[in-house]
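Chains as they are written, first to last, in the working numbering: chain A, 1 to 223; chain B, 1 to 118; chain C, 1 to 229; chain D, 1 to 479.
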Amino acid sequence: MKVLGVIAAIAIFFVVLVSIDTDKSIADPVKAIVERTNVPNSVTAVYLETRLYDTVFEVIVFSITAIGVATLLGSLARAPHENQSVFHSVTVYSGGLAALSITLFLYVVLNGHVSPGGGFVGGVVLATGVVTYGLTSDFKRASSHYDRLRIKQLESASLLVIFALSTLIMLFPGMHSRLLASGTFGSTLSGGLIPILNILVGIKVYAGAWKMSGEFISRRGTL
Amino acid sequence: MTGSIVIYFSIMGMLAGTIGMILSKNIIKKILSLGIVETSINMMYTGISSRGGIIPPIVSGDFSLSYADPIPQAVIITGIVISFALLCLSLVLAIIIYNNYHTMDVETIERNFEREEE
Amino acid sequence: MSFVMAIAGTLYLISAVIVIVSRTSFQGVIWFGIMGSISSLIMLMAGAPDVAMTQFAVGVALVLIVYIMALRKQRRVRMGYISVPSMIENTQSGLRGLEWEVLQHIDEKEGYHVEAIGFGTKEEGMKAVVNHSIDLLCGALTEDDVSRETKGLPYLETSIFLCEDEKIDFVRLKHKTRSATSPEPVFHKKSNYVLVVSRNSEDLIRDLLEGIQDLHESGKIKEIVGRYL
Amino acid sequence: MITLILIPVLGGIVCLAFKNRQRLCMTIALATTITNGIILPFQIFRVVEINVGEWGNLGIRLAIDDFAMPFLLSTFFVMLAITINSIRKQYDGFFYSLVLILFGTLNSIFLSRDLFNIFVTVELASIISFILISYEKKARQAWASLKYLLLSSLGLNLYLLGIGMVYMETGSFAMEGLNSVSTVASVLIFGGLAVKSGILLFSMWLPDAHSSAPIHVSPILSALIVKIDVYLSIRFVTFDSFLWLKDFYISIGLFSAIVGAYMALNSLNAKRLLAYSTMSQVGFMMVNCDKSSSWHGFSHAIFKTLLFLVVGNISYRLGTKKYDEWNGRLSKWEYTFLLIGSLAMIGFPLTSGCVTKEIIIHGSCCPWVRGGLYLASTATAVSFCRLIFLRPSKESTAMPVTHTLSYLLLTGVIFVHGILGFELYELEALIPVSVGILIYVLTKRYLKPLPNKIEKLDLSLIAYLLMITLSLGVALLAT
């Protein structure tokens, strides 16, 4: 029976492979996008200005999954992680790595509209840095920052602000394009509301990714 | 030219992922094969965007260069984050099942459900 | 440029296939990480730095952490063994033998982290199981070795012979270098090989029983025995 | 028109922020649903189109027209009934935020004219339904949700592949591009979304997912999430490159209607009976993909929600889902609402089910299709006679006021729609109903549950891939 499924899959993808015609109509919208948004990195301009409507749903998907994972994992017993086998050389490296990921987060998020990067990348990079530090050396200290910096309230506040800002941009596009045109091309402060959205998405994705992996770690124990 | 090569490889990757999903018996393996399908789709969209040119679409003033198309790239960043969210959710469900039945094997799980059905 | 892309593409496909055919899911996850980084490399070459960064950060780093956390569920099984030729022995290429094959088959479905600890004699092994320092003891043990505190899970029938008034099971008898003068071994009684498990790891007992039953149903036990004895 | 989407989503996000205060979230949910209902009539009856952010062809376009109107109405009614009904069950704030965001996403799916935006919103709707299915963290729900997740995300990846091909051929994600797109892309787009549509053999995960979901989640799944693909297929069929789909739908719709009703016939578990009848009703909607099936979608959503809520609350009270153990233990009120729901499902005259089902039967193209539809409605009649002929108990136990309120709302909609749309030829509907009752009385003892081997994970995956190859063959031969 499985052979039938494999044959069907091969047939489907063979027909797709044969019938794909890659040079039919190659669009080149870079000029139109960059001219209107006055922002060098046209990819960030697309997903934060042209198709902002998708990104709003995208951020909601991420926060729903983060809290969904937390509630679904809530039913499992918390794994004790006192006896964390700590190798001191690894702690030093992962501590340095976490600090490095903070700087990388700030760089990528702040001028995500000038150089490659953006909210999503920054959030995930920071989350990976802090989680590796939590995994290898001391999970309690790594997760203590979550309450000290009150990230939980920050997370829901940033979701609300993202939603408010994007409704404003979508309802009054004329005003936003005038704001965009005012900044000088290529400078960090030039992107109108785009850098602010980038920062908020970065915080949101960081909080979501940290909560998800934190839930996994606290349920399954550290390495 | 490079765009179509990436597209052809990603379709073969999708084929490999689908076959992996059919043949594997362990839940984690099925979720892994699903991850392969999703990575191949993300790669295909970069292939689509690089049909016109492979210069990254970060404009530095002159528009004469043959830039890659930014729209599929921006669109697939959303796709990558969605596939990560799906992956986490499926792993949580697999863990919940593992905690009740202590097995990751698809047949034993479905046999347990049939036994409970009667 | 397209030549480099073709190489990277074939590497990508090879690692995708390895993920699917890898034996344990832990190996699959590692190769999934390798495949993710190759695909983010291809994206970089195809002129999409943003997507490459997101794919690498999300699709490789965070996914590996989450997968390892999910696979972290495996129980750490401390296995003591008494080395008996062709049943279980520690060769230079790792553990080999009939009992090891049986355990591998059971481990394949459950995916245990097995830590093997060698023991000199049966008594040492039994003492270790009784005080729960190891979860499982194997090495051609028969039913009468099982003491009250531990639990014996029979997985293979065998017969005990009396040779020079010492009870020897079939396998040890086969490998025992018998000098010409030793008396002919006399058939003593029917018995079967046992996996001795400490009482307090209930789910391990349940999984092993299920695995042994599955082995008998699928007839793999005969094939393994055929290969080793 | 954007407010239709933004208000529920905003309510959902506010609930997300205050998710540990349960009463506040419940009031937010009620208030948002009611405000959405108030602004609904002003938005629905004007054909409006918006370019989000004035980006024209590059950006996303939202538009409203009379295909989407029935679905928007049904979403509002179903959400209102579920929120009212779930007041007693003390769900926590996160449940209400999920329901509200799902409400906003469904409105957005029914309005959007951009293919990738449909992907993101359908993905969000599926993620919410995965979490909602396994909300009570039982292993059976986790397994049903995992099966649904694996199949649905494989399908959506094929859909993404199809959109990639559309972008390659037309240069934009707008829906108008579908007029001039290759048949393989149209098959992928159809096949990708068909996994969620509930057509037989495409989505064999449905009976397990809908029957093991919590009480207030299975109506959402059956009434709303299944309608996503019904609506999208109705819209896709109007484009030129999907012409092969119109007559392909007739055959699989008919097949799904008849076999789905037959499987419903033989199931002992009440929720599973409703899940199979959803698959057969989707077959009804797909037979002729036009406005009549969208109105049937509306009426099916209403009476399926009523049935699922009544059955769910009864099985919660009596502790068993097997309806033959309910004999003599139902309270009077519960029995009456169960009767009304089943009559609407069978297509008894004066109910909305009959109005829309008759329009479909009369609108169907050729006589053999009409015969098949009559056969399917008789089989549905037989399967629902099992619920109708349950004897209610003598003493009438009190029913919570929130339950009666939501049931009355739904029955009101059923009868208003039924009486307004009453035509003379509806008396024809009495024939399949009476034949069904006759068959039920004769063969009551012989019906035994079918083995549901096909619903295993691997087999449903293989069935799905085989159906896509079949549709690929049909499409390539047709053009």
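Ideal Cβ positions, reconstructed from N, Cα and C, are used throughout, including at glycine.
Proximity test, Cβ basis, 8 Å: residue i and chain A
i              : result
L124 (chain D) : yes
M69 (chain C)  : yes
F248 (chain D) : no
T91 (chain C)  : no
L89 (chain B)  : yes
D144 (chain C) : no
M43 (chain C)  : no
T10 (chain C)  : no
T170 (chain D) : yes
L243 (chain D) : no
L306 (chain D) : no
Cross-chain neighbours of residue i in chain B, by beta carbon under 7 Å
i              : result
K456 (chain D) : E110
is_contact[residue i, chain D] using C-beta, thresh 8 Å
i              : result
Y53 (chain A)  : yes
T2 (chain B)   : no
G208 (chain A) : no
T78 (chain B)  : yes
Residue-level contact to chain C via CB, residue i, 8 Å cutoff
i              : result
N100 (chain B) : no
I7 (chain A)   : no
V125 (chain A) : yes
V81 (chain B)  : yes
Under 9 Å by beta carbon: chain C residues contacting residue i
i              : result
S213 (chain A) : L62, I65, V66 and M69
M44 (chain B)  : None at all; the shortest Cβ gap to chain C is about 10 Å.
Contacts around residue i, its chain only, beta-carbon distance under 6 Å, and the 5 residues preceding and following it disregarded
i              : result
M87 (chain C)  : G97, L98, E99, A140 and V171
G12 (chain D)  : S97, L100 and I101
A194 (chain D) : F202
S292 (chain D) : I359, I360 and G363
Own chain residues within Cβ distance below 7 Å of residue i, not counting five before or after
i              : result
L95 (chain C)  : I88 and A116
K321 (chain D) : N269, A270, K271 and S315
V197 (chain C) : D135, L136, T150, K151, L153, L204, I205 and L208
Assumed close pair residue i, residue j - CB separation to whole angstroms, cut-off 8 Å
i              : j              : result
R51 (chain A)  : G59 (chain D)  : 7 Å
F216 (chain A) : V60 (chain C)  : In fact, because the Cβ distance is near 17 Å, the residues do not count as touching under 8 Å.
S145 (chain D) : A209 (chain D) : 7 Å
T39 (chain B)  : G36 (chain C)  : 6 Å
Neighbour list for residue i in chain D, Cβ cutoff strictly below 8 Å
i             : result
V15 (chain A) : V184, L472 and L476
Beta-carbon proximity list for residue i, same chain, < 8 Å, skipping 5 on both sides
i              : result
G214 (chain A) : V131, G134, S143 and Y146
T83 (chain D)  : M26, A29, L30, T33, Y96 and V99
CB contact below 8 Å: residue i versus chain B
i              : result
S211 (chain D) : no
I256 (chain C) : As shown, chain C starts at 1 and ends at 229. That puts residue 256 (chain C) outside it, with no answer to give.
L193 (chain A) : no
T128 (chain A) : no
D135 (chain C) : no
L13 (chain C)  : yes
G139 (chain C) : no
S25 (chain C)  : yes
I162 (chain A) : no
L180 (chain A) : no
Closer than 7 Å at the beta carbon, the chain A residues around residue i
i             : result
M26 (chain D) : Result: empty, since nearest Cβ-Cβ is about 17 Å, beyond 7 Å.
M53 (chain C) : P116, G117 and V121
Interface residues of chain C facing residue i [CB-CB closer than 8 Å]
i              : result
F84 (chain B)  : V58, G59, L62 and V63
F216 (chain A) : I65, V66, M69 and A70
Chain-ordered chain D contacts of residue i [CB-CB under 7 Å]
i              : result
P29 (chain A)  : L58
P173 (chain A) : G53 and E54
Contacts that residue i makes with chain C (C-beta to C-beta distance below 7 Å)
i             : result
L59 (chain A) : Note on residue identity: the sequence assigns Val, not Leu, to residue 59 (chain A). Simply none; closest approach about 14 Å.
Cβ-heavy atom distance, residue i to the ligand SAM, below 7 Å
i             : result
M26 (chain D) : As presented, the structure is devoid of all ligands, the ligand SAM included, so that no description of it is given.
Chain A contact residues for residue i, given Cβ-Cβ distances below 9 Å
i            : result
Y8 (chain B) : L17, I20 and T22
Within chain B, partners of residue i - CB distance below 8 Å
i             : result
N36 (chain D) : Here the premise fails: no neighbours, minimum Cβ distance about 26 Å.
(Q) If the cut-off is 7 Å on Cβ atoms, which residues from the segment 48 to 73 of chain B count as contacting chain A, listed in chain order? (A) Going along the segment 48 to 73 of chain B in chain order, one finds R51, G52, P56, P57, I58, V59, S60, F63, Y67, D69, P70, I71 and Q73 with a Cβ nearer than 7 Å to chain A.
Q | chain C contacts made by the segment 100 to 123 of chain A, where a contact means CB separation under 8 Å | A | V108, P116, G117, G118, F120 and V121
(Q) Output needed in chain order: residues of the segment 14 to 33 of chain B with a Cβ under 8 Å from some Cβ in chain A. (A) M14, L15, T18, I19, I22 and L23
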